[in-house]
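Residue numbers (my numbering): 6 to 305.
Glycine included, every Cβ here is placed at the ideal spot set by N, Cα and C.
All figures in this text were calculated on a predicted structure; none of them were measured in a lab.
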């Protein structure tokens with residue numbers, strides 16, 4: 006399905022007005038979008054937004070349309086048939102397929118990092134919904150594995166960003182295959198962003214796996230921790246906390262206790278611990294100014 010050029014010409018000024026700093030203009034555009042597009046022609050709207058994401062030359066509009074597509078598609082709209090219906094379930098199958106194709110095109114071609122992240126997040130939301138409703142998106146997994154091994158670090162990062170958001174996408178893959186994929190990306194020689202996204206994806210995958218898979222993937226822990234070393238050195242506390250939370254979740258169902266002082270950073274150990282469980286004390290993280298180390302149950 007492709008939106009006719011004249012329909013895109015009608016939609017474009019509405020989308021541009023949504024970005025206006027003028028409150029009145031923005032409010033009028035919101036009303037027009039809802040009354041003339043969401044209610045009357047949702048299929049054209051969602052495909053049109055996806056076409057702007059994949060094909061528009063203006064980065065601000067591509068970025069905005071990616072966010073708007075995600076918000077509108079998965080917002081609940083009251084209908085007589087289903088009061089909890091979302092626009093994504095109300096449109097036609099060929100509309101959904103067209104949106105998916107355009108999103109994968111955008112992921113492959115987007116050059117702006119912030120916009121690419123938004124596209125990845127929109128793809129992840131579609132993938133989650135597909136898994137919930139047992140819908141199929143056969144092209145997605147193939148595209149993501151290709152991205153994970155692409156020459157471009159931007160593509161590799163995007164693939165693992167999506168895997169981190171939707172680990173169930175790879176839950177049926179062979180453990181040894183995934184282990185090799187994660188090991189390669191956790192030691193990516195070019196990009197710290199790839200290493201961090203891979204660490205998050207590995208943690209998300211391990212958390213939702215059974216004990217046997219968790220044990221098999223345990224060998225990745227040193228590599229997962231090693232990704233945080235440069236983060237500590239750069240004093241990027243927020244990224245560090247995010248990374249620790251991902252890795253602590255990997256060790257089991259535990260509550261995170263993490264305290265960072267408001268005063269200037271101190272060259273001392275900072276503690277992040279998890280609560281006790283029936284099997285004993287959960288592992289302890291020690292984060293020092295010089296690096297990150299792991300202490301397991303056996304003190305190693």
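ask   = Thinking C-alpha only, which one of 162, 174, 118, 116 is nearest residue 130?
value = For the residues 162, 174, 118, 116, the minimum Cα distance to residue 130 belongs to 174.
query = Of the choices 178, 57, 206, whose alpha-carbon is the least far from that of residue 187?
reply = With distances taken between CA atoms, residue 187 lies nearest to 206 out of 178, 57, 206.
inquiry  = Tell me the rounded alpha-carbon separation between residue 17 and residue 90.
reply    = Looking at the two C-alpha atoms, the distance is approximately 27 Å.
Alpha helix (DSSP H) runs contained entirely in the stretch 37 to 87, provided each spans 4 or more residues = Runs of alpha helix (DSSP H) with 4 or more residues, each lying fully within the stretch 37 to 87, are found at 47 to 60, 64 to 78, listed in chain order.
ask   = When the distance is taken between beta carbons, is residue 105 closer than 7 Å to residue 72?
value = By the CB criterion at 7 Å, residue 72 and residue 105 fall outside the cutoff.
query = With 16 other CB atoms within 10 Å as the buried threshold, where does residue 179 fall?
reply = Classification of residue 179: exposed, given that the 10 Å Cβ count is below 16.
inquiry  = Let me make sure I understand the geometry here. Which of 172, 211, 24, 65 has the alpha-carbon closest to that of residue 121?
reply    = Selection 172, 211, 24, 65 evaluated against residue 121 yields 65 as nearest (Cα-Cα).
inquiry  = By alpha-carbon positions, which one of 116, 52, 170 ends up nearest to residue 133?
reply    = Closest by alpha carbon: 170.
request  = Hey, could you find the ends of the alpha helix (DSSP H) residue 19 is sitting in?
outcome  = From DSSP, the alpha helix (DSSP H) with residue 19 extends over 10 to 22.
Proximity to residue 165 [Cα-Cα], best of 137, 208, 67 = For residue 165, the nearest C-alpha among the options comes from 208.
key: Through-space distance from residue 161 to residue 151, alpha-carbon basis   = Roughly 9 Å between the two C-alpha positions.
query = Cα separation between residue 119 and residue 47?
reply = When rounded, the distance between both Cα atoms is 26 Å.
request  = For residue 26, count neighbouring C-beta atoms within 10 Å of its own C-beta (all shown protein chains included) and say buried if the count is 16 or more, exposed if not.
outcome  = Here residue 26 is exposed: its Cβ has fewer than 16 other Cβ atoms, across all protein chains shown, within 10 Å.
request  = Can you check DSSP and say which residues form a bridge with residue 91?
outcome  = Looking at the DSSP output, residue 91 bridges to 81.
request  = Helix, strand or coil for residue 6, going by three-state DSSP, please let me know.
outcome  = Of the three classes helix, strand and coil, the one that applies to residue 6 here is coil, per DSSP.
ask   = Using DSSP with H/G/I as helix, E/B as strand and the rest coil, what is residue 155?
value = Judged by DSSP in its simplified three-state form, residue 155 adopts coil rather than helix or strand.
query = For residue 232, which of helix, strand or coil comes out of DSSP?
reply = Here residue 232 sits in coil by DSSP.
query = For residue 76, is the classification buried or exposed, using 16 other Cβ atoms within 10 angstroms of its Cβ as the cut-off for buried?
reply = The Cβ neighbour count for residue 76, taken over all protein chains shown within 10 Å, is under 16; the residue is labelled exposed.
ask   = Among residues of its own chain, excluding the 5 on either side of residue 37, which ones have a beta-carbon nearer than 7 Å to its beta-carbon?
value = Excluding residues within five positions, the ones whose Cβ falls inside 7 Å are 19.
query = Quick one: Cα of residue 35 to Cα of residue 229, how far?
reply = Near 44 Å, if we compare the C-alpha coordinates of residue 229 and residue 35.
inquiry  = So, at 8 Å on beta carbons, what are the nonlocal neighbours of residue 172 in its own chain, with the 5 sequence-adjacent residues on each side left out?
reply    = A distance below 8 Å between beta-carbons, with the five flanking residues on each side excluded, links residue 172 to the following residues of its chain, in chain order: 206, 209, 210, 212, 213.
inquiry  = Suppose the cutoff is 7 Å on Cβ atoms and the five residues either side in sequence are ignored; what does the same chain contact list for residue 97 look like?
reply    = Cβ within range, chain order: 48.
inquiry  = Just to confirm before moving on: does the CB-CB distance between residue 116 and residue 74 stay below 7 Å?
reply    = Taking 7 Å as the Cβ cut-off, residue 116 and residue 74 do not qualify as a contacting pair.
message = Just to confirm the assignment: which complete alpha helix (DSSP H) runs, minimum length 4, are found wholly within the stretch 129 to 155?
response = Correct list: 143 to 153.
query = Going by C-alpha distance, which of 53, 194, 139 is nearest residue 11?
reply = Among 53, 194, 139, the Cα nearest to that of residue 11 belongs to 53.
With 16 other Cβ atoms within 10 Å as the buried cut-off, status of residue 202 = Buried, because 16 or more other Cβ atoms sit within 10 Å of the Cβ of residue 202.
ask   = For residue 100, does the count of other Cβ atoms within 10 angstroms reach 16, so buried, or fall short, so exposed?
value = Buried, since its Cβ has 16 or more Cβ neighbours within 10 Å.
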